[in-house]
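Protein sequence lines, in the order shown, are assigned to chains A and B. Residue numbering for the first sequence is 1 to 457, as defined by this note's numbering. Residue numbering for the second sequence is 1001 to 1220, as defined by this note's numbering.
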Amino acid sequence: MNRRSLPRPNSLALRLFLSSAALTSIGLLAAGLILSNLYSRSVQQAFDAQLEAYANALIGALSAQISGRSAAISLSPPQNIGEARFLEPLSGWYWQIGEGRGAILFTSDSLIGSSLDFIMADSANAPDDTLEGPGGEAIRLFQRSYKLPNNSELLVAVAGNVTQLNRDIADFRSSLLITFLVFAAFLGLAIYLQVRVGLRPLKSIRQALLEVQAGRSQKIEGRFPSEIAPVVEEINGLIDANKGVVERARTHVGNLAHALKTPLSVIANEASGAGVKDKKVTEQITVMRDQVNHYLSRARSAAGLAAVGTSTPVEPIVDSLVRAMEKIYRDKDLKIKVSMEDNIVFRGEKQDLEEVIGNLVDNASKWAASKVAVHTRKTSETQWILCVEDDGPGMTSDQCKQALKRGERLDETVAGSGLGLSIVVETANLYTGNINLERSDLGGLKAELTLPCVSEA
Amino acid sequence: MRVLVVEDEPDLNRQLKQALEDSGYVVDAATDGEDGHFLGDTEPYDAVVLDVGLPKMDGISVLEAWRRDGRTMPVLLLTARDRWSDKVQGIDAGADDYVAKPFHMEEVLARLRALVRRAAGHSSNEITCGDVRLDTKGNRVTIDGMPLKLTAHEYRTLSYLMHHQGKVISRTELTEHLYDQDFDRDSNTIEVFVGRLRKKLPDGLIETIRGLGYRMGQAE
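In structure tokens:
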């Protein structure tokens, strides 16, 4: 038969709280029971000592006369031993003096004719030494034998009413329970606070990881307790290792590009004649070049996405690219107007952002008559828009749709369409952004690209 | 026009040299960064075709060193690393243009032509001086629309003088820009070519400035 185990709570705090609370409750319960028993035993021992004192007093108060050769002892009833409750009928306080287990000699007035014999007989079986008195009250019994000079034996029995005693014990237990409940509540609060304070560094790590994930931070920063600091170091090491892997992958990709493209250039130039074979080789080299560029671009972007916590300020990238474009297209006397919202930080790789902006601005500069406009603005806490416009011939809406469609059909895309849009569309898709093409107010093409940004919170 | 090609891949180096020579340039070639840097630092080139990935000294470092030393010749970068970050790095280092590998030779020639033209202050592929028209793209010369037949050396001489119209060009400068580094600088071949050119061109188009050199067109 399968034992079905109870579901474990997922929360570490709840686990700690429940286990501590359970152990504390068991401890408190045990302490309460021990204290209660110790108190009961203590007051019962004091009660028994009082009964013993009364028995001794009764023996002391007996008057004895020895007569004749037989040295017979005649006893007279004991005088008042100073306890009024022995005079009060069925008060629960009794005494009795007898000859061994034989005849009863004297009894207290409170017994009003009855005796303690049957009670004495029951006492051996009473588990907690509490018996029922002649009046139905709860009593405790003390008995002692005294040997007389003639070797006869006197058995003195003293009983006391334990109603008050039991009431005292019950009162003590009630007080103890209340005290322990208050104590338990306090301990519960203390455990809760301890768990909260103790687990706070974990919350800090979580927050720091979110900062890294959101791109606001490069690694987990802050001071952590000695028990957690090694874990933080390991996580930071992992982040660094991840970046290292991505960087190495990039380097290898770049080396591969270099290794392939130079021989391709040689082949292309060797086959630059006008023959049929030359044309075929040239055509295939173009396909190979586009494929290499296309898949290298995808590999680089995918590697960029794998890196945790990367972010790139937009403004310096736009500035450097615009500066480069103005130099590349200086023959055209191009005016590139830039307006940027402050402090936009792209949530992603610098090289991807450079590719996207570079291709869009290059495309605009290539087709522009004289004007290109670049602007950036935030549309929400987590998104921003890059808008690049030109005053060139632009594209029809069908051409715009076609250009974007080609980008979507990634496996069939042939990069280097002449518009540089393929890389832009793919990068936008990788970063779950999107691109929109329409006619610009300047007269040419307007490309609006939405990308994620790092929120300032 | 004298051009330096710095490319480590021997076949590509040879192809570039051949294509440039076929287009009327005088070409020196180097196969590593150190040699390339030395030539660019010591010889007067009208343009440089510089590969980025070079042994001994990479192309960007070579370019930065030239610019630091005040070498202003136009430089066309050849790069297999064609991301914008690489292009921006090259342009920030002082490159005037770039061509991504693999390339069509025509593209390199066109870019280089534009760089040389731009460096001499011309905006069009066609440069005119009086009735003479030089088509740098087609390597043709016409007078009043009639084609002029020139040898390769004559064409180079005329092309250099027309690119630098109004400037007095010394015989030494002309020699440095029309011949590669192995040419005997003391020969008087230049005078022979200028003399032949004068016979084919309208009178007075190439002026001799005594003790200084030659000039085409109006003084600057």
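Every residue, glycine too, gets a C-beta built ideally from N, C-alpha and C.
- Identification of chain A residues near B:Trp-1084 by a Cβ-Cβ cut-off of 7 Å yields Leu-321, Glu-354, Glu-355, Gly-358, ordered along the chain.
- According to the DSSP assignment, A:Leu-116 belongs to no alpha helix (DSSP H), since it is labelled neither H nor E.
- If you draw a straight line from the Cα of A:Asn-236 to the Cα of A:Ala-229, it is about 10 Å long.
- A Cβ-Cβ separation of about 20 Å leaves A:Glu-315 out of contact with B:Arg-1083 under the 8 Å criterion.
- Ranked by how close their Cα comes to the Cα of B:Ser-1061, the residues B:Asp-1032, B:Ala-1047, B:Thr-1042 have B:Asp-1032 in first place.
- Judged by their CB atoms, A:Ser-265 and B:Lys-1101 are nearer to each other than the 7 Å cut-off.
- About 6 Å separates the beta carbon of A:Leu-334 from that of A:Ser-365, a gap short enough to meet the 8 Å contact definition.
- Out of B:Ile-1091, B:Lys-1200, B:Gln-1165, the CA that lies nearest to the CA of B:Glu-1154 is found in B:Lys-1200.
- Around B:Lys-1017, no beta-carbon contact reaches into chain A at under 9 Å, the shortest distance being about 11 Å.
- The C-beta of A:Arg-248 comes no closer than 7 Å to any C-beta of chain B.
- From the beta-carbon of A:Asp-278, no residue of chain B is found nearer than 7 Å; the closest lies around 12 Å away.
- For the pair B:Glu-1126 and B:Val-1027, the Cα-to-Cα distance works out to about 22 Å.
- Chain order gives the chain A residues near B:Ala-1080 as Ala-257, His-258, Lys-261, Thr-262, where near means a beta carbon separation below 7 Å.
- One alpha carbon belongs to A:Ile-344, the other to B:Trp-1066, and they sit about 37 Å apart.
- Here DSSP, grouped into helix, strand and coil, assigns A:Gln-383 to strand.
- Only Ala-324, Lys-327, Ile-328, Asp-331 from the stretch 322-337 of chain A bring a Cβ to less than 7 Å from some Cβ of chain B.
- For B:Thr-1175 and A:Met-340, the gap between their C-alpha atoms comes out near 52 Å.
- According to the DSSP assignment, B:His-1153 belongs to no beta strand (DSSP E) but to the alpha helix (DSSP H) extending over 1152-1163.
- In the displayed model, A:Lys-335 falls within a strand according to three-state DSSP.
- For the C-beta of A:Asn-363, not a single chain B residue is nearer than 8 Å; the gap to the nearest is close to 12 Å.
- By the 16-neighbour rule on beta-carbons within 10 angstroms, B:Leu-1020 is buried.
- Short of 7 Å from the beta carbon of B:Phe-1193, and not among the five residues preceding or following it, lie these beta carbons of its own chain, in chain order: His-1153, Glu-1154, Thr-1157.
- The closest CA to that of A:Asp-319, considering only B:Met-1146, B:His-1163, B:Val-1088, B:Gly-1211, is found on B:Val-1088.
- Selection A:Arg-323, A:Lys-277, A:Leu-33 evaluated against B:Gly-1090 yields A:Arg-323 as nearest (Cα-Cα).
- When the five nearest sequence neighbours on each side are left out, the beta carbons in the same chain lying within less than 7 Å of the beta carbon of A:Pro-77 are those of Phe-106, in order along the chain.
- The three-state secondary structure of A:Phe-180, taken from DSSP, is helix.
- The beta carbon of B:Pro-1010 does not come within 7 Å of any beta carbon belonging to chain A, so the residue lies off that interface.
- In this structure, DSSP gives A:Met-395 a state outside helix and strand, which the three-state scheme calls coil.
- Rounded to the nearest whole angstrom, the C-alpha separation of B:Asp-1051 and B:Leu-1115 is 16 Å.
- Within chain A, the residues whose beta carbon sits less than 7 Å from that of B:Pro-1102 are Lys-261, Leu-264, Ser-265, Ala-268, Ile-285, Arg-289, listed in sequence order.
- In terms of Cα proximity to B:Asn-1139, the closest of B:Val-1006, B:Gly-1121, B:Ser-1159 is B:Ser-1159.
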